[in-house]
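Down below is the structure, laid out as structure tokens.
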Amino acid sequence: MELIPAIDLRGGRVVRLLHGDFARSTDYGADPIAVARAWESEGASRLHLVDLDGAREGFPAQADLLRRIVESVGIPCQVAGGLRTAAAVQAALGTGADRVVLGTALLADPGLGRRLVGIHGRERIVAGLDVRGQDAVGDAWGSGAATRPLWEVLVALVDAGVGTFVVTAITRDGALSGPDLALLRDVRTAARNADLIASGGVATLDDVRALAAEQYAGAILGRALYEGRFTLGEALAAAAS
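Residue numbers for the sequence shown follow my numbering, so the first one is 1 and each next one is one higher.
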């Protein structure tokens, strides 16, 4: 299982949100490029870069910073935040990112996933599912007003050819309350064993071990790393044990 440190960017700074709420943001104040290089030096094989300003505004807002981060490391980076059009996806991939994560746009139009997979290939297009209860939530970083039944969205995206999903339980995100294992299992079944990347809630090395035991494709690590609950090296060892 690949462990993927998250670098969430707001106003050019590294932050973490609680439950995706901009009013509940912790600013870690570090240089994003230095942070990216640090995660690489500690053994990361991939980074998850999120343009929170873009997610809030609905269009990419920190493209130059994302490009500089991608260029500063020698490992693949996946980019998320504000990617709601084919042109925005093309531009994001143009930063050097090896894949992109789309949420709200695919919720509104699963057919966009089919078109993007056809243009860029299945391995470069990832669906981000922000889940509350039994619903996939669009604009989760903003009003969160757009929702659709999770299982309906999953079937449509799998049928569209999307093969990788980042699954976030909104109530766990940034809360250090443990991953929602039941949700992940249900999504795996409904997604016909597509690759799943778990996101949200990881707080302990036991959480890492639990996800690794389920053999998910990856897990995104955020607040637990930034608050020193464990090191990336310790997490990598736990995932391999």
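Glycine included, C-beta positions come from ideal geometry on N, C-alpha and C.
Closest Cα partner of residue i within the set the options
{"i": "A182", "options": "V162, D195, G161 and A210", "result": "A210"}
{"i": "Y226", "options": "V15, L9, R10 and T85", "result": "V15"}
{"i": "F230", "options": "V35, G81 and D206", "result": "D206"}
{"i": "V50", "options": "D109, C77, A34 and S72", "result": "C77"}
{"i": "A30", "options": "I7, L47, A219 and R46", "result": "I7"}
{"i": "V153", "options": "G111, I197 and A169", "result": "G111"}
{"i": "D135", "options": "R124, H120, G128 and W151", "result": "W151"}
{"i": "Y28", "options": "S241, A237 and R223", "result": "R223"}
{"i": "G82", "options": "E71, A92 and R46", "result": "A92"}
{"i": "I75", "options": "G54, S25, G12 and R46", "result": "R46"}
{"i": "V70", "options": "A34, D53, A127 and G11", "result": "A34"}
{"i": "D53", "options": "D21, A97, A44 and R122", "result": "D21"}
{"i": "H48", "options": "A203, G121, E234 and A198", "result": "A198"}
{"i": "A203", "options": "E234, G138 and A44", "result": "E234"}
{"i": "G118", "options": "S25, D180, V89 and V187", "result": "V89"}
{"i": "S241", "options": "A219, G228 and V208", "result": "V208"}
{"i": "A36", "options": "R24, G178 and R13", "result": "R13"}
{"i": "A127", "options": "G94, V187 and A23", "result": "V187"}
Limits of the beta strand (DSSP E) - the one that residue i falls within
{"i": "A136", "result": "D135 to G138"}
{"i": "S45", "result": "Neither: S45 is in no beta strand (DSSP E) and is coded neither H nor E."}
{"i": "D128", "result": "The question names Asp, but residue 128 in the sequence shown is Gly. Counting along the chain, the beta strand (DSSP E) containing G128 begins and ends at I125 to R132."}
{"i": "L176", "result": "Taken as a continuous stretch (DSSP letters only), L176 belongs to no beta strand (DSSP E), as it is neither H nor E."}
{"i": "D27", "result": "D21 to D27"}
Range covered by the alpha helix (DSSP H) that runs through residue i
{"i": "L154", "result": "L150 to D159"}
{"i": "D53", "result": "L52 to E57"}
{"i": "P110", "result": "P110 to H120"}
{"i": "D207", "result": "L205 to A213"}
Per-residue DSSP class, three states only, for residue i
{"i": "Q90", "result": "helix"}
{"i": "T85", "result": "coil"}
{"i": "E71", "result": "helix"}
{"i": "T189", "result": "helix"}
{"i": "E234", "result": "helix"}
{"i": "A6", "result": "strand"}
{"i": "R223", "result": "helix"}
{"i": "V35", "result": "helix"}
{"i": "D64", "result": "helix"}
{"i": "T168", "result": "strand"}
{"i": "T147", "result": "strand"}
{"i": "A198", "result": "strand"}
{"i": "A80", "result": "strand"}
Beta-carbon proximity check, residue i vs residue j, cutoff 8 Å
{"i": "A80", "j": "V101", "result": "yes"}
{"i": "T164", "j": "A217", "result": "yes"}
{"i": "L17", "j": "L65", "result": "no"}
{"i": "A169", "j": "M1", "result": "no"}
{"i": "L221", "j": "L3", "result": "yes"}
{"i": "I125", "j": "R148", "result": "no"}
{"i": "D173", "j": "G133", "result": "no"}
{"i": "L107", "j": "A146", "result": "yes"}
{"i": "E214", "j": "L236", "result": "no"}
{"i": "V131", "j": "V167", "result": "yes"}
{"i": "A44", "j": "L232", "result": "yes"}
{"i": "T85", "j": "G138", "result": "no"}
{"i": "G113", "j": "V162", "result": "yes"}
Chain D contact for residue i (CB, 8 Å cutoff)
{"i": "T168", "result": "Absent from the structure: chain D. Only one protein chain is present."}
- Tell me, please, whether the stretch 36 to 44 touches the stretch 56 to 65 by the rule of three or more beta-carbon pairs shorter than 8 Å. no
| said: Could you check whether the stretch 187 to 203 touches the stretch 152 to 162, counting it as contact only if at least three pairs of C-beta atoms, one from each stretch, sit closer than 8 Å? | reply: yes
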